[in-house]
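Asks: For the record, the sequence lines run as chains D and U.
So the mapping is simple: the working numbering equals the position in the first sequence, first residue as 1, plus 4.
So the mapping is simple: the working numbering equals the position in the second sequence, first residue as 1, plus 10.
A virtual CB, placed ideally from N, CA and C, is assigned to each residue, including glycine.
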Amino acid sequence: MPRRHLARSAGCCKSFVGRRLVTVTLVVFLVGTVLPLGAASSPEITTRDVNGDHNQETPENKHNEHDSHNTSQKAFPVLSVDFDRIGQPFEISLWVLLASLMKLGFHMTPRVSSIVPESCLLIVVGLLVGGLIQLVGQKPPPLGPDLFFLCLLPPIILDAGYFLPIRPFTENVGTILIFAVVGTLWNIFFVGGLLYGICQLEGMHLGQVDLITCLLFGSIISAVDPVAVLAVFEEIHINELLHILVFGESLLNDAVTVVLYHLFEEYAGVGHVTPLDVVLGIVCFLVVSLGGILVGAIYGILAAFTSRFTSHTRVIEPLFVFLYSYMAYLSAEVFHLSGIMALIACGVVMRPYVEANISHKSHTTIKYFLKMWSSVSETLIFIFLGVSTVAGNHSWNWTFVTSTVILCLVSRVLGVVGLTFIINKFRIVKLTTKDQFIIAYGGLRGAIAFSLCYLLDPVHFPKRDMFLTAVITEIFFTVFVQGMTIRPLVDLLAVKKKQETKRSINEEIHTQFLDHLLTGIEDICGHYGHHHWKDKMNRFNKKYVKKCLIAGERSKEPQLIAFYHKMEMKHAIELVESGGGGGGHANVKMPSAMPSTVSMQNIQPKKQPERVLPQLPKGREEEIRKILRSNLQKTRQRLQSYNRHTLVVDPYEDGWNEILIKRKKINQMSNYLTVPAPPPDSPTMSRARLSSDPQAWSVKHDSDGVPSIQVDLASPQSPPDSVCIVDDLAKSSALSAGTREEDGGLMMKPPSSLAVTAPKKDEKGGEQQEEGKEQQRLIRCLSDPGPSADEEEDEPFLP
Amino acid sequence: MGSRASSLLREEDIEEIKKETGFSHSQITRLYSRFHSLDKGENGALSREDFQRIPELAINPLGDRIINAFFPEGEDQVNFRGFMRTLAHFRPVEDNEKNKHLDASEPLNSRSNKLLFAFRLYDLDRDDKISRDELLQVLRMMVGVNISDEQLGSIADRTIQEADTNGDMCISFSEFIKVLEKVDVEQKMSIRFLH
């Protein structure tokens, strides 16, 4: 019996997984076939339409033409296909859709994606799609350099640069630079030189490949590719140090690649390079890298400065970030400077200031847009790599290709080992052998190499196809072999993994403390080291730069306070999302009201008294919440139908009875607390004036000092400074709960003029004021935004 | 200046300091010339005023506390030995030292000694606990005058709440170590003394 069960369940499992795989492959084929069909059908349709058009004279609307010149050629077309006009956007969207569906598909099959990194799967998909397209007879679109460099690469780099972890980067910048510059140079000359030697060997038929061309090929193939590194390293969760070393290297070696590529390309025809050219090359390198960084920094400062003034147009804030960064990239590319370094510099420079200025929602928008774009870009790049492999002309040469692969690996290992030996003399925390192995093994090549090779002019470089084949083979080798095996190797070698936990306030405080301590000790020793310069820069930043680039009060906010606010806001959001936790229960350690605002806002800091959170029996709490909820809901419904001058009568009617009962009970209980009165002009209260709400509130002090909130029905409307405060169940229920229990304190109270339907404004006001002291006031939770509140975004989370 | 300074330092002294702190010969000589340049009174010992004359220390929020850390209990002068002993805490940890113990006691620049040094800078009254007030003082020094007391108070409360495991509303040394276990103290608290 049990065996049959097992067999059946196994069969079911298999069919289930198999079904999923089948679905995925079906999707692939579906989308893959629509593309070529679409491409194939367009020429036929065009010819048909053109034929039809030739009979018309006016070039206006085709439908009109068909109507007016109603020759007897054909009947009025009810349904016509006009693929030509939308062909290109359609194709592009289809490709992006394919990429996104692939990403979806891979996450649905976790078994496969745990063995094979995503990049490999995507290349395979690209190969399939490319093969399909070729089968249909169309020419698959190759990964054009323009498309790659101008559209697909920038989002990935911007995402990396904007979220670059600054601290580990600056601590290791020396190591990173040495790997990027010296390491890449070593790779280029080693690979290029030895390939030339191999080409010169007898019997290889490669004699016409001269040294410069080989060096050019070396410069194409030697650079570690940021896209591939990101794609693979993101999945293995390696520790921060190694990640930043390899990734930083892949970013910074762009300058070296650009300079040497152009240098060798220029002189490939000439055949030799004079020493003057070498010197110029070095100067060019400095210009390219420093120039790129400068361009990026300028645009970054512009973006930061612009963001200072966006407090009234929050909606387009993210756009500035994207536009300035893209402009930085394009401007750098105009002058053949390093676009990647410009983009990184722009992101790094603008981030602290922009984040201090923009709203929380803009921050989220930026984060998600960047992640979305970079994710799609990455997917597309790998798919196109696969497609281009099928599409390209290949010239396979066993010697050349295999020697390329072997030489690249050897030179990488030698380079890393040699450089680490030198670097370790200067590092405080040395790089171990394990670290070196991962750094060497993580030197992946990717699409940048392919695009650079594609850019080569076939006329000047007759061996271009062979180069292309070799580059593709090297890319495949690194991505497939190294990419797939790095994860088990990391586990095998027990390399330290990334620590997932967030930074606690303790760590932040103590780290800053240690920074100051170390700066002091360095000064005592007379040693101008790392901490000294960092401290100087921080001081300069605080004194001059922050004042220019950050709006309002935030410019003076110390880093510690900003960090603390961010943490508290996260904590508060978590509390709300979990349903308020224990409500206003004192066990929940909510922070006391913060005088200055939470991050991203620039409202003046206010003094607010400490609110003691009372302890409530749970049953009472539930009753209170229920009443609040029902009343508030009704109010909301009411407000949507009435205009601003109508009385809001009904919401309190149903709750009134319950309130009466409650009041009796409450009167028997003793005072829990006296909530101190917020000052009458406090922004909190003025914020409570809702324009859409016929009830505008004002605070009135009772004679005995207990505050009450008066209901002024249909009082003169004033446009709100700010409209809504996000619902904080915990705080609001605590507040109202506290006030409920209190005798003579803030109490729920409906206006006495319930029955009156056609009030006159002044009468109402007068009546209210008379009854003010004896009756108890209605407290309105400041959580109901009203139907037409548009400026929700701006409000600080915690009042 | 260099030759005159080193002539005042005897070889035996250098050897002793080397053994105690682990610095190399050249590092000791270099630091001695620095010591000598700070010592305006030329009496072979530094006073508090000598330290305060360093301009950058004056603007350092923790300047006074750092200066105090050099002086042993109740004394007003620190000689070169004491100077080196304090600075030894900031020597980078070398791999081959991680397993070796000098004189069967922990070297001055071990991780826990570094942390102990930092801890003592918080804990002024030496009761082996960082109380809320001590924490508040440090926060106030680091944050400046613009922030209100109650805001700092809530930060201090939150900090203690995060770190405190035994509920005594203070941070003991072991809790301090635990909180900083993710921070790379060996790297953060080390200065690269040039060879």
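1) Given a cut-off of 8 Å, decide if residue 293 (chain D) and residue 345 (chain D) are closer than it, judged by their beta-carbon atoms.
2) Quick check on residue 197 (chain U) - is its C-beta less than 8 Å from some C-beta in chain D?
3) With a threshold of 16 other CB atoms inside 10 Å of the CB of residue 470 (chain D), please say whether the residue is buried or exposed.
4) DSSP three-state call for residue 55 (chain U): helix, strand or coil?
5) Applying a beta-carbon distance threshold of less than 9 Å, which residues of chain U neighbour residue 495 (chain D)?
6) Whole angstroms is fine: what's the gap from residue 403 (chain D)'s alpha carbon to residue 200 (chain D)'s?
7) Assign residue 556 (chain D) to one of three DSSP states: helix, strand, or coil.
8) Buried or exposed: where does residue 99 (chain D) fall if 16 or more other Cβ atoms within 10 Å of its Cβ makes it buried?
9) At which residue ranges does the segment 483-541 of chain D contain complete alpha helix (DSSP H) runs of 4 or more residues, listed in the order of the chain?
10) Under three-state DSSP, which class holds residue 88 (chain U)?
11) Work out the CA separation of residue 321 (chain D) and residue 508 (chain D) for me, nearest whole Å.
12) From the DSSP output, which residues share a beta bridge with residue 139 (chain U)?
13) Counting pairs of beta carbons, one from the segment 41-48 of chain U and one from the segment 115-124 of chain U, are three or more of them closer than 8 Å?
14) So the candidates are D:192, D:413, D:440, D:412; which of them puts its Cα closest to the Cα of residue 425 (chain D)?
15) Please confirm whether residue 441 (chain D) has its beta-carbon closer than 8 Å to some beta-carbon of chain U.
16) Mind reading off the beta-carbon distance from residue 446 (chain D) to residue 233 (chain D)? Whole number of angstroms is fine, and I expect it under 8 Å.
17) Hey, does residue 73 (chain U) have any beta-carbon neighbour from chain D nearer than 8 Å?
18) From what residue to what residue does the alpha helix (DSSP H) around residue 92 (chain D) run?
19) So residue 126 (chain D) and residue 309 (chain D) are supposed to be a Cβ contact under 8 Å. How far apart are they, rounded?
20) Would you please state the rounded distance, in angstroms, between the beta carbons of residue 443 (chain D) and residue 256 (chain D)? I believe it to be under 8 Å.
21) For residue 571 (chain D), report the span of its alpha helix (DSSP H) as first-last.
22) Would you please state the rounded distance, in angstroms, between the beta carbons of residue 297 (chain D) and residue 227 (chain D)? I believe it to be under 8 Å.
23) Quick check on the burial criterion: 16 or more other C-beta atoms within 10 angstroms. Buried or exposed for residue 121 (chain D)?
24) Assuming residue 323 (chain D) contacts residue 158 (chain D) (C-beta within less than 8 Å), just tell me the rounded distance between them.
25) Decide if residue 462 (chain D) is buried, meaning its Cβ has at least 16 other Cβ atoms within 10 Å, or exposed.
26) With 16 other CB atoms within 10 Å as the buried threshold, where does residue 155 (chain D) fall?
27) Could you please give the first and the last residue of the uninterrupted alpha helix (DSSP H) stretch that includes residue 247 (chain D)?
28) What residues from the segment 560-579 of chain D come within 7 Å of chain U, judged by C-beta to C-beta, listed N to C?
29) Considering residue 174 (chain U), what are the terminal residues of the alpha helix (DSSP H) in which it resides?
30) Under 8 Å between beta-carbons, which chain D residues line up against residue 126 (chain U)? List them in chain order, please.
31) So residue 457 (chain D) is in the alpha helix (DSSP H); what residue range does that whole segment cover?
32) Go ahead and label residue 106 (chain D) buried or exposed: buried means 16 or more other beta carbons lie within 10 angstroms of its beta carbon, across all protein chains shown.
33) Applying a beta-carbon distance threshold of less than 7 Å, which residues of chain U neighbour residue 503 (chain D)?
34) Find the residues of chain B that neighbour residue 510 (chain D), judging by a C-beta separation of less than 7 Å, and give them in chain order.
35) On the premise that residue 139 (chain U) lies in contact with residue 182 (chain U), defined as a C-beta separation below 8 Å, what is that separation, rounded to the nearest angstrom?
36) For residue 119 (chain D), does the three-state DSSP call read helix, strand or coil?
Replies: Result, derived from the coordinates:
1) Position 341 of the first sequence, counting from 1, holds the residue named residue 345 (chain D). Position 289 of the first sequence, counting from 1, holds the residue named residue 293 (chain D). Yes, they are a contact pair.
2) On the second sequence, residue 197 (chain U) is found 187 positions in, with the first residue counted as 1. Yes, residue 197 (chain U) lies at the interface with chain D (some Cβ there is under 8 Å from its Cβ).
3) Residue 470 (chain D) sits at position 466 when you count from the first residue of the first sequence. Classification for residue 470 (chain D): buried.
4) Locating residue 55 (chain U) in the second sequence gives position 45, counting from the first residue. Strand at residue 55 (chain U).
5) Counting from one through the first sequence, the residue named residue 495 (chain D) turns up at place 491. Within chain U, no C-beta atom comes less than 9 Å from the C-beta of residue 495 (chain D); the nearest is roughly 21 Å away.
6) Mapped onto the first sequence, residue 403 (chain D) falls at position 399. Mapped onto the first sequence, residue 200 (chain D) falls at position 196. Whole-angstrom Cα-Cα distance: 12 Å.
7) As a first step, residue 556 (chain D) must be located in the first sequence, where it is residue number 552. The DSSP-derived three-state label of residue 556 (chain D) is helix.
8) Looking up residue 99 (chain D) in the first sequence gives position 95. The residue in question, residue 99 (chain D), is buried, as its Cβ has 16 or more Cβ neighbours within 10 Å.
9) Entirely contained in the segment 483-541 of chain D, the alpha helix (DSSP H) runs reaching 4 residues are, in chain order, 487-497, 509-529.
10) Translated into positions along the second sequence, residue 88 (chain U) becomes position 78. Strand, per DSSP.
11) Translated into positions along the first sequence, residue 508 (chain D) becomes position 504. Translated into positions along the first sequence, residue 321 (chain D) becomes position 317. Computed Cα separation, rounded: 29 Å.
12) In the second sequence, counting from the first residue as 1, residue 139 (chain U) sits at position 129. DSSP, once it has assigned bridges, lists U:182 as partnering residue 139 (chain U).
13) In this structure the segment 41-48 of chain U does not lie against the segment 115-124 of chain U, because fewer than three pairs of beta carbons, one per stretch, are closer than 8 Å.
14) Reading the first sequence from its first residue, position 421 is the one you call residue 425 (chain D). Of the candidates D:192, D:413, D:440, D:412, the one whose C-alpha sits nearest the C-alpha of residue 425 (chain D) is D:440.
15) In the first sequence, counting from the first residue as 1, residue 441 (chain D) sits at position 437. Not closer than 8 Å to any Cβ of chain U, the Cβ of residue 441 (chain D) fails to qualify, so no.
16) Working through the first sequence from its first residue, we reach residue 446 (chain D) at position 442. Working through the first sequence from its first residue, we reach residue 233 (chain D) at position 229. The Cβ separation is near 6 Å, so the contact holds.
17) Here residue 73 (chain U) is taken as the residue at index 63 of the second sequence, counted from 1. Among the residues facing chain D, residue 73 (chain U) is included, as its CB has a counterpart in that chain under 8 Å away.
18) In the first sequence, residue 92 (chain D) corresponds to position 88, counting from 1. Segment 87-112, the alpha helix (DSSP H) holding residue 92 (chain D).
19) Working through the first sequence from its first residue, we reach residue 126 (chain D) at position 122. Working through the first sequence from its first residue, we reach residue 309 (chain D) at position 305. In fact, because the Cβ distance is near 40 Å, the residues do not count as touching under 8 Å.
20) Taking the first sequence and counting its residues from 1, one reaches residue 443 (chain D) at position 439. Taking the first sequence and counting its residues from 1, one reaches residue 256 (chain D) at position 252. Going by Cβ atoms, the distance from residue 443 (chain D) to residue 256 (chain D) rounds to 14 Å, so no, they are not a contact pair.
21) Counted from its first residue, the first sequence places residue 571 (chain D) at position 567. Here the alpha helix (DSSP H) through residue 571 (chain D) covers 563-581.
22) As a first step, residue 297 (chain D) must be located in the first sequence, where it is residue number 293. As a first step, residue 227 (chain D) must be located in the first sequence, where it is residue number 223. That pair is no contact at about 18 Å.
23) The residue labelled residue 121 (chain D) in the question sits at position 117 within the first sequence. Here residue 121 (chain D) is buried. Its C-beta has 16 or more other C-beta atoms within 10 Å.
24) To locate residue 323 (chain D), count along the first sequence from 1; it is residue 319. To locate residue 158 (chain D), count along the first sequence from 1; it is residue 154. About 15 Å; that fails the 8 Å criterion.
25) By one-based count along the first sequence, residue 462 (chain D) stands at place 458. Around the CB of residue 462 (chain D), fewer than 16 other CB atoms lie within 10 Å, so the residue is classed as exposed.
26) Within the first sequence, the letter at position 151 stands for residue 155 (chain D). So residue 155 (chain D) ends up on the exposed side.
27) Counting from one through the first sequence, the residue named residue 247 (chain D) turns up at place 243. Residue 247 (chain D) -> alpha helix (DSSP H) spans 244-272.
28) Under the 7 Å Cβ criterion, the segment 560-579 of chain D contributes 560, 562, 564, 565, 568.
29) For the purposes of this step, residue 174 (chain U) is identified with residue 164 of the second sequence, where counting begins at 1. First-last for residue 174 (chain U): undefined, no H or E at that position.
30) Stepping through the second sequence from its first residue, residue 126 (chain U) is reached at position 116. The contacting residues do not exist; residue 126 (chain U) stays about 13 Å from chain D at best.
31) By one-based count along the first sequence, residue 457 (chain D) stands at place 453. Residues 451-458.
32) As a working note, residue 106 (chain D) is residue 102 in the first sequence. By the neighbour-count criterion, in which 16 or more other beta carbons inside 10 Å mark a residue as buried, residue 106 (chain D) falls on the buried side.
33) Here residue 503 (chain D) refers to the residue found at position 499 of the first sequence. Here the neighbours are 192.
34) Structure shown: chain B not included; protein chains present are D and U.
35) Within the second sequence, the letter at position 172 stands for residue 182 (chain U). Within the second sequence, the letter at position 129 stands for residue 139 (chain U). That belief holds up - the Cβ atoms of residue 182 (chain U) and residue 139 (chain U) are roughly 5 Å apart, short of 8 Å.
36) To locate residue 119 (chain D), count along the first sequence from 1; it is residue 115. Reduced to three states, the DSSP call for residue 119 (chain D) is helix.
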